[in-house]
Amino acid sequence: MNNFTVEAIELTRLYGGREAVSNVNFTLSKGEVLGFLGPNGAGKSTTMKMLTGNLAPSHGSVKICGIDMIENPKEAKALIGYLPEMRPLYKELTVDEYLTMAARLHRVSAKHIKKAVENAKERCGLTHMSKRLIENLSNGYQQRVGIAQAIIHSPMVVILDEPTVGLDPIQIRDIRTLIREVGTDHSVIISTHILPEVEMVCDQVQIIDKGKLVFNGSIDVLKRQRVGNKLLIGLRNPPAIEEILRISGVSEAESLANGLIRVRYAENAEPAEAIVQTAVQQGWGLHQIAPDQTSLEDVFMQLTYQEQVAV
Amino acid sequence: MIINVARKELKSVFASPMGWVILSLLMFAFGTQYLNAVNDYFAVMSGAMRPAERTGVTQFVGQSVYGLASFIMLFAVPLLSMRLISEERRSQTLPFLFSAPISLTEIVVGKFVGLVTFLGILILFIGAMLSTLNIWADIDFGFLLTNSLGLLLMVAGFSALGIYFSSLTQQPVIAAILTFIALFALMMLDRFFGDDPTNVLGSLSLTRHFQSFASGLIDSADIVYFILFAVTFLTLTVRRLDADRLRG
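Protein chains in written order, with the working numbering: chain A, 80 to 390; chain B, 400 to 647.
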């Protein structure tokens with residue numbers, strides 16, 4: 080018995096012959112937060128629906144804590160909290176009524192229901208909204224009710240489809256803290272369009288494009304890819320490029336359109352100090368030096384674009 | 400678990416004015432019919448000279464009220480059942496139930512039980528109203544009981560059919576119309592094929608099976624008919640929802 084909370088094995092879903100999700104494999108361990116990235120229509124939501132048993136996979140299987148979703152759906156579903164893209168809220172009920180109902184349907188025992196509801200409300204900042212009709216809540220608060228509903232039975236795996244859509248920046252920050260908090264003792268899978276969010280809350284990242292996984296690994300790998308071995312230098316009296324190439328460790332240098340110079344260096348070299356010293360000695364007028372980060376967007380674009388070329 | 404789904408349905412019905420309005424309007428209709436029937440009873444019986452023409456007050460008033468009830472249910476049930484699944488489908492709340500640890504059968508049966516419970520309240524009220532006759536007369540409670548049982552079984556059949564049509568569409572109104580037409584057709588079968596007792600189509604008629612209950616007779620064949628009717632449509636509903644999961 081391994082410690083995987085979620086196992087997806089060769090998950091494939093066909094829609095009328097077209098593969099919406101094809102051959103997706105991954106595992107998730109306890110205490111990890113997995114970010115699901117991908118352009119629109121890439122198959123993120125379809126994958127999530129299959130993980131939660133809302134959609135039957137065409138091939139492959141899903142295991143939640145070792146329990147097969149297709150063979151024992153009830154036992155597997157009891158371990159999952161799911162917030163779909165469209166919030167499944169009964170708007171004619173109050174927050175308390177709705178959450179009590181959610182707790183009951185998720186087999187929270189009668190004497191713990193009250194505590195579970197209070198706890199979920201507190202975690203999602205809904206305590207002062209208890210008696211309000213869900214219909215009358217703002218978009219952001221409705222989203223919080225949706226999240227509260229997903230964590231009410233403290234499931235092993237929480238699956239949130241775009242949880243921060245429609246929230247204001249403060250709420251987004253709260254929700255991210257909440258996701259991290261939940262992620263410490265449970266597993267969380269979130270899907271999002273917002274790339275910095277992935278960097279902030281996730282341990283693992285998956286990028287999915289056209290139904291295929293194009294990247295699957297820890298966030299550090301993605302970050303490293305992002306940082307690269309590049310420096311951006313701003314000089315008032317820039318010398319010829321050859322002069323810069325002469326500094327030890329520098330392997331490449333190019334002038335950019337905005338007057339800055341991009342310098343590449345070998346894997347283990349740290350030429351920053353040498354560059355500064357040389358610049359001062361030669362009087363190049365150094366006014367800026369910073370690591371050149373490709374944005375996460377670029378990495379994302381690269382990964383999804385490569386896939387397109389390959390196809 | 401079935402009970403939890405049923406509780407949810409009842410809560411939804413009573414969370415909006417809809418449930419209360421329907422309850423009160425229907426009770427108003429039945430109450431009026433009851434008063435009229437009591438008045439008529441005196442008028443008719445004072446004119447009935449020979450003993451053979453005389454009927455008991457329970458039968459006279461009961462038949463009048465239960466006759467109206469079975470007719471009104473034909474309209475009321477489609478209105479109440481239309482929302483059950485189509486509304487959830489339209490507002491995309493079905494994943495909430497699908498991802499909870501309950502089976503499709505439990506969801507469907509839960510919804511069915513919820514609706515039948517709501518209608519059961521109505522049937523209970525009618526029974527209580529007619530029991531008040533006992534203050535002035537010695538009434539036949541057996542007759543009330545068979546009628547209530549018959550009405551409950553018939554309403555259960557209506558509800559199962561309504562839930563099935565509700566699962567076919569996203570538009571509650573369409574579900575209501577389809578249910579109404581189907582129920583009406585099943586009622587009308589008796590009109591066309593009622594003369595010939597050997598006709599198979601005629602014995603599908605809902606009215607014919609209610610008739611024996613209405614005259615105070617419990618026939619196991621009728622009970623089985625209504626139960627099979629409900630089970631058939633509930634099974635079809637489960638299959639329809641399962642198709643959602645399989646085909647997406």
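Where a beta carbon is used, it is the ideal one built from N, C-alpha and C, also for glycine.
Item                                                                                                                                                                     : Value
Would you report the Cα separation of V85 of chain A and I251 of chain A, rounded to the nearest angstrom?                                                               : 26 Å
L514 of chain B to S480 of chain B, Cα distance in whole Å?                                                                                                              : 7 Å
Sort out for me which residues DSSP pairs S469 of chain B with in a bridge.                                                                                              : None, per the DSSP bridge assignment.
Please name the residue, chosen from B:V456, B:Q491, B:R590, that lies closest to W535 of chain B on a Cα-to-Cα basis.                                                   : B:V456
To the nearest angstrom, report how far apart I258 of chain A and M279 of chain A are at their CA atoms.                                                                 : 10 Å
Would the beta-carbon of N403 of chain B be found less than 7 Å away from any heavy atom of the ligand NAP?                                                              : The ligand NAP is absent from the structure shown, which contains no ligand whatsoever.
For a contact meaning CB atoms closer than 9 Å, what does G394 of chain A contact in chain B?                                                                            : The structure shown does not extend to residue 394 of chain A, since chain A is modelled only from 80 to 390, so the question has no answer here.
Report the rounded CA-to-CA distance for I340 of chain A versus S327 of chain A, giving the unit in angstroms.                                                           : 16 Å
Let me know if F542 of chain B comes out buried or exposed under the rule of 16 or more other beta-carbons within 10 Å of its beta-carbon.                               : buried
What are the boundary residues of the alpha helix (DSSP H) that T631 of chain B is part of?                                                                              : 619-646
I'd like to know whether the C-beta of Q570 of chain B is nearer than 8 Å to at least one C-beta of chain A.                                                             : no
Over the uninterrupted alpha helix (DSSP H) stretch that includes R489 of chain B, give me the two end residues.                                                         : 482-489
I'd like the list of long-range same chain contacts for V329 of chain A, defined as Cβ closer than 7 Å, with 5 residues on each side in sequence excluded.               : I323, V342, Y344, P350
Along the alpha helix (DSSP H) that carries H191 of chain A, what are the first and last residues, could you check?                                                      : H191 of chain A -> no alpha helix (DSSP H), and no H or E assigned at all.
Mapping the DSSP letters down to three states, classify E333 of chain A as helix, strand or coil.                                                                        : strand
By the 7 Å beta-carbon criterion, what residues does the region 403-428 of chain B contribute toward chain A?                                                            : N403, K407, K410, S411, A414, S415
Taking all protein chains shown into account, decide if S469 of chain B is buried (16 or more other Cβ within 10 angstroms of its Cβ) or exposed.                        : buried
Does the beta-carbon distance from G132 of chain A to A155 of chain A come in below 8 Å?                                                                                 : yes
Counting only beta-carbon separations shorter than 8 Å, does F520 of chain B have a partner in chain A?                                                                  : Note on identity: in this sequence residue 520 of chain B is Ile, with Phe being the wrong assignment. It does not: the Cβ of I520 of chain B has no partner Cβ on chain A nearer than 8 Å.
Identify each residue in the region 166-185 of chain A for which the Cβ-Cβ distance to at least one residue of chain B is less than 9 Å, and report them in chain order. : R166, P167, L168, Y169, K170, E171, L172, T173, E176, M180, A181, R183, L184, H185
Within 8 Å of any Cβ in chain A, is that where the Cβ of I501 of chain B sits?                                                                                           : yes
Within 10 angstroms of the Cβ of R183 of chain A, are there 16 or more other Cβ atoms? Answer buried if so, exposed if not.                                              : buried
Can you pull the chain A neighbours of Q491 of chain B, defined as C-beta to C-beta under 9 Å?                                                                           : P163, E164, M165, R166, P167
How big is the Cα-Cα spacing for K291 of chain A and L158 of chain A?                                                                                                    : 26 Å
With a CB to CB cut of under 6 Å and the five nearest residues on each side skipped, what residues in its chain are close to P477 of chain B?                            : G561, A575, T578, F579
Let me confirm a value: S101 of chain A is counted as buried when at least 16 other C-beta atoms fall within 10 Å, else exposed. Which label applies?                    : buried
Cα separation between A584 of chain B and R211 of chain A?                                                                                                               : 44 Å
Alpha carbon to alpha carbon, what distance is there between I622 of chain B and G526 of chain B?                                                                        : 20 Å
Below 9 Å between beta carbons is the criterion; list the residues of the region 148-161 of chain A that meet it against any residue of chain B, in chain order.         : P152, K153, E154, A155, K156, A157, L158, I159, G160, Y161
Of all the residues that make up the region 203-230 of chain A, which are near chain B by a beta-carbon distance shorter than 8 Å?                                       : Q228
Kindly indicate which three-state DSSP category G162 of chain A falls into: helix, strand or coil?                                                                       : It should be pointed out that residue 162 of chain A corresponds to Leu in this sequence rather than to Gly. If DSSP states are grouped into helix, strand and coil, L162 of chain A belongs with the strands.
Which residue comes first and which comes last in the alpha helix (DSSP H) that contains D594 of chain B?                                                                : Segment: none, D594 of chain B is in no alpha helix (DSSP H) and carries neither H nor E.
Roughly how many whole angstroms lie between the Cα atoms of G114 of chain A and G219 of chain A?                                                                        : 21 Å
Give, in chain order, every unbroken run of the alpha helix (DSSP H) that is at least 4 residues long and sits entirely within the region 485-552 of chain B.            : 493-497, 503-530
By alpha-carbon positions, which one of B:I626, B:V443, B:K510 ends up nearest to V637 of chain B?                                                                       : B:K510
Pull up the DSSP beta-bridge partners for S217 of chain A, would you.                                                                                                    : According to DSSP, S217 of chain A bridges with nothing at all.
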